[in-house]
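Residue numbers (this note's numbering): 2 to 141. Below is one structure; the comments refer to it alone.
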């Protein structure tokens, strides 16, 4: 995902981040051609989901920011890397619950749940593991 400048149709670059303040992060993007700026504000739940996965949102934080794309775009690469490793099994019930998570957050949720399960020594993700992960991430 990239943000395009409305004025000149150029891909915007991450200029700076602020926060987290009261659970929110502000990411300011600037057009390198006309210097038009926009800001994206995460809500506390989005901030928690991103930070719990160890994602850094800052100019110069990894290649994704240096390339000027969305600071979340590197997450796809990180998810693909974790998918290359050992795969953890999902029970039918847990898989059904995962499918109930909105599509735009589902990959991050899945990665977070799988990371939690591995850290806790689970070999299968079932509904109890999902409940424990939800509690750990304060998503009640």
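Yeah, the Cβ is synthetic: ideal placement off N, Cα and C, and Gly gets one too.
Beta-ladder partner(s) of residue i, from DSSP
{"i": "residue 25", "result": "22"}
{"i": "residue 3", "result": "In the DSSP output, where bridge partners are listed per residue, residue 3 has none listed."}
{"i": "residue 12", "result": "5"}
{"i": "residue 41", "result": "28"}
{"i": "residue 126", "result": "91"}
{"i": "residue 17", "result": "29"}
Pairwise C-alpha distance: residue j and residue i
{"i": "residue 67", "j": "residue 3", "result": "Unreliable positioning characterises residue 67 in this predicted model, as indicated by a pLDDT of 37, which lies under 50. The coordinate reading is nonetheless provided below. Looking at the two C-alpha atoms, the distance is approximately 13 Å."}
{"i": "residue 22", "j": "residue 48", "result": "10 Å"}
{"i": "residue 13", "j": "residue 43", "result": "18 Å"}
{"i": "residue 1", "j": "residue 111", "result": "Residue coverage of the chain in this structure runs from 2 to 141, which leaves residue 1 outside it and unanswerable."}
{"i": "residue 31", "j": "residue 137", "result": "36 Å"}
{"i": "residue 116", "j": "residue 101", "result": "19 Å"}
{"i": "residue 113", "j": "residue 106", "result": "11 Å"}
{"i": "residue 123", "j": "residue 33", "result": "47 Å"}
{"i": "residue 129", "j": "residue 15", "result": "39 Å"}
{"i": "residue 118", "j": "residue 139", "result": "16 Å"}
{"i": "residue 24", "j": "residue 45", "result": "4 Å"}
{"i": "residue 135", "j": "residue 6", "result": "37 Å"}
Supposed close pair residue i, residue j - CB separation, criterion 8 Å
{"i": "residue 20", "j": "residue 11", "result": "Going by Cβ atoms, the distance from residue 20 to residue 11 rounds to 26 Å, so no, they are not a contact pair."}
{"i": "residue 127", "j": "residue 92", "result": "4 Å"}
Residue i and residue j closer than 8 Å at C-beta
{"i": "residue 29", "j": "residue 17", "result": "yes"}
{"i": "residue 131", "j": "residue 50", "result": "no"}
{"i": "residue 125", "j": "residue 90", "result": "yes"}
C-beta neighbour in chain B for residue i, strict 8 Å
{"i": "residue 101", "result": "No chain B is part of this structure, which consists of one protein chain only."}
Check whether the stretch 96-109 touches the stretch 24-40, counting contact only when three or more Cβ pairs, one atom from each stretch, lie closer than 8 Å.
No: the two stretches stay apart, fewer than three of their Cβ pairs being nearer than 8 Å.
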